[in-house]
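Encoded as structure tokens, the structure appears first; notes follow it.
Residue numbers (the working numbering): 40 to 290.
Here it is in structure tokens:
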């Protein structure tokens, strides 16, 4: 197909309402698929990964709370038995915990896998307004970003606060950081594959529609050319008939 023919075919698509509308709708759909995956599918995957890790954190906290020594309805530094240290190290390794902390109901850190945290007080609103009300608080923190406490993490982590409740009374909370770097890498690969598949499907569909539109446009052009040729032949025939009629009248 020559360049002039392609241009004429494309121009016919633009000037024909039905073909133009089909092209516009197809283009919108092709653009909408990647946008849809970016603003809905990807966040949905991230939310599912975070929710799954939150469930695991709650189960871990429920297991750990049974080993705490609670007296006088309050959590204190002595609440954490010495035998915990070996168990916590094993949990960190087996469950890929980046950090684990225990807060008293006032927000004081009474235990941490990082000893320098002990004694610090969490005064953040999410702790006193959400966790202290008995609600689990979870946040996905990307590598080299700040956690809810302002700490820069070196891995992709899910930060979860699980309240410790006794008879509907808030006694303290666990703070559990799960290292999800490996899971996030698998998740990202899956997203890339999904995104590539959707983009490829959209591109193929758009290309197929364009090919069909060009064929339809060429058919319309050929039909118009045949119609014009027939009209010219008809006009020429009428002209010759008129000429013959005038000639006969002059005889």
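Cβ coordinates follow ideal geometry from the N, Cα and C atoms, glycine included.
{"query": "First and last residue of the alpha helix (DSSP H) that includes residue 214?", "result": "From DSSP, residue 214 is part of no alpha helix (DSSP H) but of the beta strand (DSSP E) over 208-218."}
{"query": "Can you tell me the Cβ-Cβ gap for residue 95 and residue 217, rounded? I've got them flagged as a contact below 8 Å.", "result": "7 Å"}
{"query": "Could you round the C-beta distance between residue 242 and residue 83 to whole angstroms and report it? I think they count as a contact, below 8 Å.", "result": "Not really, about 23 Å apart at Cβ, beyond 8 Å."}
{"query": "Taking all protein chains shown into account, decide if residue 161 is buried (16 or more other Cβ within 10 angstroms of its Cβ) or exposed.", "result": "buried"}
{"query": "Between the beta-carbon of residue 114 and the beta-carbon of residue 211, is there less than 8 Å?", "result": "yes"}
{"query": "Could you check what DSSP says for residue 244 in three-state terms: helix, strand or coil?", "result": "helix"}
{"query": "If contact is defined by three or more beta carbon pairs under 8 Å, each pair taking one atom from either stretch, is the stretch 249-258 in contact with the stretch 179-186?", "result": "no"}
{"query": "For residue 127, collect the residues of the same chain with a Cβ closer than 7 Å to its Cβ; drop the 5 residues on either side in sequence, then sort them by chain order.", "result": "139 and 152"}
{"query": "Can you give the beta carbon distance from residue 200 to residue 214, rounded, assuming they're within the 8 Å contact cut?", "result": "5 Å"}
{"query": "In whole angstroms, what separates the C-alpha of residue 198 from that of residue 190?", "result": "11 Å"}
{"query": "For a test of the three-state rule: what should DSSP assign to residue 136, helix, strand or coil?", "result": "strand"}
{"query": "I need the DSSP call for residue 160, collapsed to helix, strand or coil.", "result": "strand"}
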